[in-house]
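Engineer: The structure is given below, and queries will be raised subsequently.
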Amino acid sequence: MTEDEIRRLLEPTLQGMGYELVDLEARIGGRKGLLRLYIDKPEGVGLQDCERVSHQVSGVLDVEDPIPGEYVLEVSSPGLNRPLKRPEHFERFTGSEAKIAMRAPLDGRRRFRGRLEGVEDGYVAVRVDGEIYRLRIADIDKARLVPEL
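Okay, here's the thing in C-alpha cells:
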C-alpha cells in the first residue's frame with residue numbers, strides 16, 4: 504500500500520476524531536517498518552491526543568491490515584517547523600514566515616524564505632526581501648514554517 508492509500512484509509516478516522524492528518528511517513532519493508540503520523544487540531548496537540556489517535560489508528564490498521572510485516576506506529580505533532588503541504592495549510596498560516604524549496608527554479612532560484620501573503624488559484628504568494636513571488640503549490644518540493652521564537 505502506498506502512502507497516499509494509507510492516508511486515504513486513515514484520514515476519515517482522524518477527521519471524525521477532530522484531527523487533521525498533516526503528514527505521513529511510511530517506511531515499509533525490511534526487518535521493521537515505520538508508520539509515522541503527524542496530527543494537528545486548532546488548539547494544538549498534546550501527549551494525550553497522540554495516545555488517543557495511536558489507539559484508534561492501531562485498531563483501524565489491525566482490521567484493514569494494509570502494511571505487511573512488523574512496523575512501529577508513531578503519532579506526533581507537526582512541531583514548530585510544521586510542514587506545509589496543501590493549499591489550506593498555506594492559507595491557514597498566511598502572515599507566517601516559511602522556507603520553500605521548489606522542484607525546478609523560478610526566476611533563477613529554487614529556495615525562498617519569506618512571509619506568506621495568501622493563496623489564490625493554486626498559487627501561494629510569498630514576500631521575500633520586499634518582493635512578492637507567486638509560487639505554484641503543485642511545483643513546491645518542500646515547505647515548512649520558520650519557528651518564531
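Number 605 in our numbering belongs to position 102 of the sequence shown; there are no gaps in the numbering.
Every residue gets a Cβ at the ideal spot worked out from N, C-alpha and C, and that includes glycine.
1) Distance, Cα to Cα, Gln518 vs Gly633?
2) Whole angstroms are fine: how far does the CA of Gly598 sit from the CA of Gly611?
3) Per DSSP, which one or two residues make a beta bridge with Phe615?
4) Which stretch, first to last residue, makes up the beta strand (DSSP E) that contains Leu527?
5) Output the boundary residues of the alpha helix (DSSP H) element that contains Ser557.
6) Roughly how many whole angstroms lie between the Cα atoms of Glu514 and Val563?
7) With a CB to CB cut of under 8 Å and the five nearest residues on each side skipped, what residues in its chain are close to Arg616?
8) Hey, out of Gly536, Leu540 and His558, whose CA is closest to Arg510's CA?
9) With C-beta atoms as the reference, is Glu594 less than 9 Å away from Gly621?
10) So, helix, strand or coil for Asp644, using DSSP?
11) Once the 5 residues before and after Val627 are set aside, which same chain residues still bring their CB inside 7 Å of it?
12) Could you check how far apart the C-beta atoms of Val578 and Cys553 are, in whole angstroms? I think they sit under 8 Å.
Structural biologist: According to the structure data:
1) The residue labelled residue 518 in the question sits at position 15 within the sequence shown. The residue labelled residue 633 in the question sits at position 130 within the sequence shown. Their Cα atoms are separated by approximately 38 Å.
2) Stepping through the sequence shown from its first residue, residue 611 is reached at position 108. Stepping through the sequence shown from its first residue, residue 598 is reached at position 95. Those two C-alpha atoms are separated by around 25 Å.
3) For the purposes of this step, residue 615 is identified with residue 112 of the sequence shown, where counting begins at 1. Paired residue(s): Ile603.
4) The count along the sequence shown starts at 1 and reaches residue 527 at position 24. Residues Glu523 to Arg530.
5) In the sequence shown, residue 557 corresponds to position 54, counting from 1. First-last of the alpha helix (DSSP H) with Ser557: Leu550 to Glu567.
6) Taking the sequence shown and counting its residues from 1, one reaches residue 514 at position 11. Taking the sequence shown and counting its residues from 1, one reaches residue 563 at position 60. Rounded to the nearest angstrom, the two C-alpha atoms are 11 Å apart.
7) Within the sequence shown, residue 616 is the residue found at index 113, counting from 1. Taken in chain order, the residues that qualify are Glu600, Ala601, Lys602, Ile603, Val631 and Val649.
8) As a first step, residue 510 is located in the sequence shown; it is residue number 7 there, counting from the start. When only C-alpha atoms are compared, the closest one is Leu540.
9) The residue labelled residue 594 in the question sits at position 91 within the sequence shown. The residue labelled residue 621 in the question sits at position 118 within the sequence shown. Yes, the Cβ-Cβ distance between Glu594 and Gly621 is below 9 Å.
10) By one-based count along the sequence shown, residue 644 stands at place 141. If DSSP states are grouped into helix, strand and coil, Asp644 belongs with the strands.
11) For the purposes of this step, residue 627 is taken as residue 124 along the sequence shown, with counting starting at 1. Answer for Val627: Phe593, Leu619, Leu638 and Ile640, listed in chain order.
12) Start at 1 with the first residue of the sequence shown, and residue 578 comes out as number 75. Start at 1 with the first residue of the sequence shown, and residue 553 comes out as number 50. That pair is a contact at about 4 Å.
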